[in-house]
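Protein chains in written order, with the working numbering: chain H, 1 to 84; chain V, 1001 to 1424. Positions of the beta carbon are idealized from the N, C-alpha and C atoms, including for glycine. The structure under discussion appears below in the form of structure tokens.
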Amino acid sequence: MSEKEIIDRLKKIVEPYVQRVEGLQNFQENTDFLNDLEINSANLVDVVLDVEDEFDIEIDNDSLEGMLTVGDAKSIIQNKIKAG
Amino acid sequence: MNKRVVITGMGVAAPNAVGLANFEAALKNGSSGIRFFPELEKLNFTCQVGGKPQILEELLDNYFTPLQLKGLNSSGIVYGVISGTDAWIDAGLETANGNSPDWDSGIIFGTGILGVDKFREAIHLIDAGKTRRLGSTSVVQTMASGISAYLGGMLGCGNQVTSNSSACITGTEALLMGFDRIRSGRAKRMLVGSCGDHGPYVWGGFDAMRILPGKYNDRPEEASRPMSASATGFVPGSGAGALVLEDLDSAIERGANIYAEVLGGEINSGGQRGDGSMTAANNEAVERCIKVALENSNISGSAIDAINGHLTATNRDSTEIRNWINSLGRKRDNFPYINSLKGMTGHCLSASGSIECVASVLQVKNDFLFPNINCEDLHPEILQLIDEDRIPRQKMNAKINILAKASFGFGDVNAVAIFKKYIA
């Protein structure tokens, strides 16, 4: 799966949780979930569940802690897909 | 000096109608909202009929954001949010914008049990060792105060925001608690009401107690029969009702539409002493509740024009009427008009008090009495107590100056509220 494809699919997943819509216009690796998109921190667990369903992977709690940006999420997804 | 309290907005999601105008039309027509549910048949329920508001998916978009709708599986929250939001808008109120809430507005919105279907989802996941799959909304959709929390955030209320729970008096109790808060000057407006989830996991326990009718599964609209000789138990229902209570001065200042005044009321318990028990009312407590409600409202029993009873369609109906007779000192042709909404909606349990308060206030405001349905065959014990014409079976046009509304609940708890026509 290409990096672009992962990021496009990720964008679709986070969309419903985003409170700062402008943040979506420049959705790239540096985009920060909490600061740029203003996703409610309680909703991050929901984003993770949706990512798991979309990519058919399981993200453990340790990986979750480092998931602050789109780039972080992309790397985690890539690693899990490889490991799977 | 106590503040006067009036009703300036209402909303409802009832089994026989959703939305205030639809509900008033359904009341006047005597429309039943009781339907047969194949799911209950499949699950071997004795009573396979019930009352469930009919909500179109598209309607939800008017009340919830796409994010709030994601994974929403709490029928009580759906009904409560629809009725509560409607009441707020009906009162001409706006939601608080900006960073500060409206400090003068609060919410008391109760329930019996919330988010049962969501909780079932969670139980299955937890038992399968998948607790982390619950997501973030399991807690807020199943906590008892979930309904007041959802509404509180949507409307931006900064006064007391809470949920009460007291079985089938919950809605009427919420109204009287909100009334007290405004009367004592601690809030200008209180959104009060209650909601109740639908479905087998709420209704099953009552089915097991064998207090629901099993003989009307092929005739659902005839199943709920308050005051009827052929009543064999209550039909379980669900939904929500909501009322905006407001300090009269604030209502006048805003130029708000006033539906009626809340004169007073009383909440008490029979302590499960005497003839009271977990599931039956202590008659002394019921009569005391009615009498104290009259005293609090500074009226005598002779001032009551109509009663909206608790009247669930069990053998307790005639006992309730005897309690009214003893408390008001009025019987036979001198008894007030009396009706029960449950013939049309079933017994909406924790939602019943608020839905029935909305029905009561509509009658006071718009000069009518809705018909009692399914009691062509009035119970002979009731006919010995009051005249037949006291129990309208057709819609009546009548000026109702003062109406008494009663709710009784498991735990031997009682609530009576007194509504009066408001004349500017």
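Are the beta-carbon atoms belonging to I1382 (chain V) and F1335 (chain V) less than 8 Å from one another?
Between I1382 (chain V) and F1335 (chain V), the C-beta spacing is not below 8 Å.
Go to M1177 (chain V), then tell me how far its alpha helix (DSSP H) extends in each direction, as first and last residue.
Boundaries of the alpha helix (DSSP H) harbouring M1177 (chain V): T1170 to R1183, taken from the DSSP string.
Selected residue, minimal CA-CA separation from G1153 (chain V), among V:I1107, V:S1340 and V:T1008
Ranking V:I1107, V:S1340 and V:T1008 by Cα distance to G1153 (chain V) puts V:I1107 first.
Below-8 Å beta-carbon distance, S1269 (chain V) vs any chain H residue
Not flagged as an interface residue toward chain H: S1269 (chain V), since no C-beta distance is shorter than 8 Å.
Please compile the residues from chain H whose C-beta is within a distance smaller than 8 Å of the C-beta of K1070 (chain V).
Neighbourhood of K1070 (chain V) in chain H, by CB distance below 8 Å: P16 and D46, in chain order.
Going straight from the alpha carbon of L1191 (chain V) to that of A1242 (chain V), what length do you get?
Between L1191 (chain V) and A1242 (chain V), the C-alpha separation is close to 7 Å.
Classify F1332 (chain V) as buried or exposed, calling it buried when 16 or more other Cβ atoms lie within 10 Å of its own Cβ.
A quick correction: the sequence has Arg, not Phe, at residue 1332 (chain V). The residue in question, R1332 (chain V), is exposed, as its Cβ has fewer than 16 Cβ neighbours within 10 Å.
Can you confirm whether S1136 (chain V), when its beta carbon is compared against all beta carbons of chain H, has any partner nearer than 8 Å?
Yes, because at least one Cβ of chain H sits closer than 8 Å to the Cβ of S1136 (chain V).
Residues in the region 1038 to 1071 of chain V with C-beta within 7 Å of chain H's C-beta atoms, listed in sequence order?
Those residues of the region 1038 to 1071 of chain V that come within reach of chain H (Cβ to Cβ, closer than 7 Å) are P1066, L1067 and K1070.
List the residues of chain V whose Cβ lies closer than 8 Å to the Cβ of A42 (chain H), in chain order.
Near A42 (chain H) (Cβ distances below 8 Å), the residues of chain V are S1136.
If you count every other CB in all the chains shown that lies within 10 Å of the CB of G1171 (chain V), and 16 or more means buried, which is it?
By the neighbour-count criterion, in which a residue is buried when 16 or more other Cβ atoms sit within 10 angstroms of its Cβ, G1171 (chain V) is buried.
Which term fits V48 (chain H), buried or exposed, when burial requires 16 or more other beta carbons within 10 angstroms of its beta carbon?
Under this definition V48 (chain H) is a buried residue.
Could you tell me the distance, in whole angstroms, from the CA atom of M1344 (chain V) to the CA atom of I1034 (chain V)?
Those two C-alpha atoms are separated by around 7 Å.
Does L49 (chain H) come within less than 8 Å of chain V when only Cβ atoms are used?
For L49 (chain H), the answer is yes, since a Cβ of chain V falls inside 8 Å of its Cβ.
Span separating the alpha-carbon of L24 (chain H) from that of N79 (chain H)
C-alpha separation (whole angstroms): 25 Å.
Chain H contact for R1133 (chain V) (CB, 8 Å cutoff)
For R1133 (chain V), at least one C-beta of chain H is nearer than 8 Å to its own C-beta.
Range covered by the beta strand (DSSP E) that runs through R1189 (chain V):
Counting along the chain, the unbroken beta strand (DSSP E) around R1189 (chain V) starts and ends at R1189 to G1196.
In or out: W1103 (chain V) buried (at least 16 other Cβ within 10 Å) or exposed?
By the neighbour-count rule (16 or more Cβ atoms within 10 Å), W1103 (chain V) is not buried but exposed.
According to DSSP, is Y1201 (chain V) helix, strand or coil?
In the structure shown, Y1201 (chain V) sits in a helix (DSSP, three-state: H, G or I).
Cβ-based neighbour list, D1305 (chain V), same chain, cut-off 8 Å, excluding 5 preceding and 5 following:
So the qualifying residues of the chain are P1336, Y1337, A1398, K1399, I1400, N1401, I1402 and L1403.
Expected contact under 8 Å - CB spacing of E1221 (chain V) and S1032 (chain V) to nearest Å
So it is a contact: roughly 4 Å between Cβ atoms.
Residue environment, V70 (chain H), which counts as buried when at least 16 other CB atoms sit within 10 Å
Buried is the call here.
Given a threshold of 16 other Cβ atoms within 10 Å of its Cβ, counted over all protein chains shown, does A1240 (chain V) qualify as buried or as exposed?
The residue in question, A1240 (chain V), is buried, as its Cβ has 16 or more Cβ neighbours within 10 Å.
So Y1079 (chain V) and A1351 (chain V) are in contact, right, with Cβ under 8 Å, and what is the actual spacing, rounded?
With 8 Å as the limit, Y1079 (chain V) and A1351 (chain V) qualify as a contact, their Cβ atoms being about 7 Å apart.
To the nearest angstrom, how far is it from the Cα of L1369 (chain V) to the Cα of C1357 (chain V)?
A direct Cα-to-Cα measurement between L1369 (chain V) and C1357 (chain V) gives close to 13 Å.
With DSSP collapsed to three states, give me the class of K1331 (chain V).
It is coil, neither helix nor strand.
Of all the options H:T31, H:I76 and H:I57, which has the alpha carbon lying nearest to the alpha carbon of G66 (chain H)?
Checking every option, the nearest Cα to that of G66 (chain H) belongs to H:I76.
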